[in-house]
Amino acid sequence: MKLLLDFLPIILFFGTFKYAEGNPAWAAAFATQYLGGIVAGGVVGPKEAPVLLATVVVIVATLVQVAWLKLRGRKVDLMLWVSLGLVVLLGGLTVWFHSETFIKWKPSALYWTMGLALAIGQLAFGKNLLRMLLGGQLQLPAPVWQRLNWAWVAFFALMGVLNLWVAYSFSTAAWVNFKLFGALGLMLAFTVAQGLYLSRYLEHEPPAEPR
Numbered sequence: 047m048k049l050l051l052d053f054l055p056i057i058l059f060f061g062t063f064k065y066a067e068g069n070p071a072w073a074a075a076f077a078t079q080y081l082g083g084i085v086a087g088g089v090v091g092p093k094e095a096p097v098l099l100a101t102v103v104v105i106v107a108t109l110v111q112v113a114w115l116k117l118r119g120r121k122v123d124l125m126l127w128v129s130l131g132l133v134v135l136l137g138g139l140t141v142w143f144h145s146e147t148f149i150k151w152k153p154s155a156l157y158w159t160m161g162l163a164l165a166i167g168q169l170a171f172g173k174n175l176l177r178m179l180l181g182g183q184l185q186l187p188a189p190v191w192q193r194l195n196w197a198w199v200a201f202f203a204l205m206g207v208l209n210l211w212v213a214y215s216f217s218t219a220a221w222v223n224f225k226l227f228g229a230l231g232l233m234l235a236f237t238v239a240q241g242l243y244l245s246r247y248l249e250h251e252p253p254a255e256p257r
């Protein structure tokens, strides 16, 4: 359930963009009618309508995600608060200025924020945030926690650069595909690779003595 909730805004962004992209005239008319009051000039064209509609949907979905967690008395992770702030700010600029450039920066800003938090925690405060988050679930030697922390710092830094490269080198449609399939696929592959690397260091319980 949590996994679906985490990925729901991205899935809705993708679905809304693809539907609007396939129906540009309807998307432009719908966006002009219902978003005209929050866009510069009050009129949305067929070319810009898909990303504007998808952006509004992801803003609403992220707000609902946070509200749902708060209503259920569950903790809202810091990164979700950061993601909400970024999507509202950059998404709002995308809608107002009719420009997909701002929302395309959002994943990179989030990646770099997470990487910077891990790096500052280690360098400035001597705190390994990954160990603080996962130490109760994984028993690993201190040097391994440090290598794991810096591996994620490097991964987030590279993902931020890769996102911008795709955003500026390919069409918006290609970037949307990358956002759902490429970025999540790379995240999954990196996580699996980390798991394989860490498996040699995990402490295994000895087999129970026969009675």
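Using the working numbering, the letters of the sequence shown map in sequence onto residues 47 to 257. Even glycine gets a Cβ: it sits at the ideal position worked out from N, Cα and C.
Span of the alpha helix (DSSP H), counted from its first residue to its last, around residue i
i: residue 153; result: 147 to 171
i: residue 179; result: 175 to 180
Buried/exposed call for residue i, threshold 16 Cβ in 10 Å
i: residue 59; result: buried
i: residue 90; result: buried
i: residue 202; result: buried
i: residue 157; result: buried
i: residue 88; result: exposed
i: residue 84; result: exposed
i: residue 212; result: buried
i: residue 137; result: buried
i: residue 237; result: exposed
i: residue 53; result: exposed
i: residue 219; result: exposed
i: residue 166; result: exposed
i: residue 107; result: buried
i: residue 100; result: buried
i: residue 82; result: exposed
Neighbourhood of residue i by C-beta, 8 Å cutoff - its chain only, sequence neighbours within 5 removed
i: residue 112; result: 122, 126, 127 and 130
i: residue 67; result: 73, 96 and 219
Other residues of its chain near residue i: CB distance less than 7 Å, five sequence neighbours each side excluded
i: residue 222; result: 60 and 63
i: residue 168; result: 174 and 195
Spatial neighbours of residue i in its chain, beta-carbon cut-off 6 Å, leaving aside the 5 residues before and after
i: residue 154; result: 206, 209 and 210
(Q) At 4 residues or longer, what runs of the alpha helix (DSSP H) sit wholly inside the stretch 82 to 150? (A) 95 to 117 and 124 to 143
Q.
For the stretch 188 to 204 against the stretch 129 to 146, do three or more pairs of beta-carbon atoms, one drawn from each stretch, fall closer than 8 Å, so that the two count as touching?
A. no
Q: Specify whether the stretch 114 to 125 and the stretch 68 to 77 touch according to this definition: at least 3 beta carbon pairs, one from each stretch, less than 8 Å apart.
A: no
Q. Would the stretch 171 to 179 and the stretch 227 to 243 be scored as touching if the rule is three or more Cβ pairs under 8 Å?
A. no
Q.
Contact between the stretch 178 to 186 and the stretch 93 to 106 is defined here as three or more beta-carbon pairs at a separation below 8 Å; is this criterion met?
A. no
Q) Hey, which unbroken runs of the beta strand (DSSP E) at 3 residues or more fall wholly within the stretch 196 to 235? A) none
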